[in-house]
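Down below is the structure, laid out as structure tokens.
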Amino acid sequence: MTAAAKNPAEKMRLRAALIERIGGYMTAHSIGVAAELGIADLMKDEVRGSDELAAESGTHEPSLRRLLRTLAAVGLTTEPEPGRFALTDVGAQLRSDSPDSLRAFSRMFCHPILFRAWQGLGHAVTTGERAFDHVYGKDFYSYVADQGDANRLFNEAMSEESRIAAAQLAAGYDFSGAKKVVDLGGGDGTLLAAILPTQPHLQGIVFDSPSGVAEAPGVLAKAGVADRCEARSGDFFRDIPTDGDLYIIKSVFQDWGDEDSLALLRSCRSQMPESATLLIVGSVLPETASTDQPIMFFTDLNMLVNTGGRERTESEFRAMLDGTGFTVRSVRLGAAGPLSIIEAVPAVAR
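Following the numbering used here, the numbering of the sequence shown begins with 151 at its first residue and continues without gaps.
Structure (structure tokens):
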């Protein structure tokens, strides 16, 4: 249907659809401010007046009411009567006491550090270079590691993001044949803290950079598995633990371009035992884009902006693994919550 043939109602619908998408940054800022202020923690399961919430949060009541109404318009709150608000199930994820909390995740991805980096998207698309480096003069991980509060927030955000996938992986993968699992790039240990309590026969190693693994001992102790899991720091491009029989790489390849991803796989292939298994847990893009899973495509673009990495299709993962001496044994799409599981083993020498 040509533009001229569309009736006025259809034209207005299309106009509104585009404007709503243009305003996506306004939605993000609104969510970020609500998360930063802890508004959801104040609301809990109750219907609260904007006057009460303003007094408790130290905010300007008329302005807070406008924020809460905007959040109602995008489905995070409801306004059952004028000036009184409640959380929806979506908005309840901003509560810090929720087992499904994404408050730290929301604060991190709505943080000024990332908003400023995204202003360099045009540079990244034009040149193929990381926007973050162009804006800040250093790479994302080096920069954030020097920002104490932001570094802690980033680690907490990654822990929240991992929680659902970790529980799904713990419940859906057969660990009976493994004795020691190594989580490469495992951060604060959230993944093994979910897996080991369900697998009492397993030992574990969380392996990451010194700053990445700094919080792991506390997380493992809280999960009651510190006696069966150790935290080790190092550079997985150079040396990885060689005493595992199951190696997990979760949400790591998206951070790296092809050259670094291949280097990581070669590091694994040369150092892991011949009898070991490699699990790649992460997003697997469809071969052609659609509207079904937009989050994966936003994540892909976020990697372009901030880390220089990318999401990949199944065929791209298979090509990388085949080229570094692995044989893909299975690909289970969506087997770990929103993430997929690729199982690979060292290839038999030809």
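Glycine included, each C-beta is placed from N, C-alpha and C at the ideal position.
- For T177, DSSP records no beta bridge to any residue.
- In the DSSP secondary-structure assignment, A381 is bridged to V356.
- Under the DSSP assignment, I169 falls in the alpha helix (DSSP H) whose first and last residues are 158–172.
- In terms of CA proximity to D195, L244 leads the group P436, L244, E306.
- When C-beta atoms of the segment 447–457 are compared with those of the segment 414–432, fewer than three pairs fall below 8 Å, so the two segments do not count as touching.
- Remark: fewer than three beta-carbon pairs, one from each stretch, lie closer than 8 Å, so the segment 253–266 and the segment 323–331 are not flagged as touching.
- In this structure, DSSP gives I390 a state outside helix and strand, which the three-state scheme calls coil.
- Each of V294, G374, S401 was checked against the Cα of I314, and the nearest Cα belongs to S401.
- Using a Cβ distance threshold of 7 Å, A204 and L214 count as a contacting pair.
- Spanning the alpha carbons of R171 and L164 requires a straight line of approximately 11 Å.
- When only Cα atoms are considered, T277 and G199 end up about 49 Å apart.
- Around the CB of P230, fewer than 16 other CB atoms lie within 10 Å, so the residue is classed as exposed.
- If only complete runs of 4 or more residues are kept, the segment 209–291 shows the alpha helix (DSSP H) at 211–223, 253–259, 262–268, 271–277, 281–286, in order along the chain.
- Pairing R378 with L346 gives a Cβ-Cβ distance under 7 Å.
- When the alpha-carbon of T427 is set against those of S309, I491, A184, E437, the nearest one is in I491.
- Distance from the Cα of T228 is smallest, within the candidate group I398, R253, R280, M193, for M193.
- Scanning E202, S480, H284 for the CA closest to the CA of Q269 turns up H284.
- DSSP, reduced to helix, strand and coil, places D333 within a strand of the structure shown.
- The beta carbons of S433 and E461 sit closer together than 7 Å.
- An exposed status is given to V498, since fewer than 16 other beta-carbon atoms sit within 10 Å of its beta-carbon.
- Per DSSP, reduced to three states, the secondary structure at S433 is coil, with no helix or strand assignment.
- For L252, the closest alpha carbon among the candidates A185, E211, F403 is that of A185.
- According to DSSP, S490 shares a beta bridge with G432.
- Here the alpha carbons of S425 and V240 stand approximately 44 Å from one another.
- Within the model, the alpha-carbon separation for R216 versus V224 is close to 13 Å.
- Distance check between E202 and each of G233, A281, V183 places G233 closest, using alpha-carbon atoms only.
- By the 16-neighbour rule on beta-carbons within 10 angstroms, P212 is exposed.
- For the pair A254 and G208, the Cα-to-Cα distance works out to about 21 Å.
- Counting along the chain, the unbroken alpha helix (DSSP H) around K372 starts and ends at 366–372.
- When the Cα atoms are used, D410 and A494 turn out to be separated by approximately 19 Å.
- The three-state reading of DSSP puts Y293 in helix, counting H, G and I together.
- In this structure, the CA atom of R302 is about 11 Å from the CA atom of S309.
- In the DSSP assignment, Y397 forms a beta bridge with V332, L428.
- In the three-state DSSP reduction, T449 falls in the helix class (H, G or I).
- Secondary structure at T457: coil, using DSSP grouped into helix, strand and coil.
- In this structure, the beta-carbon distance from N305 to D338 falls below 7 Å.
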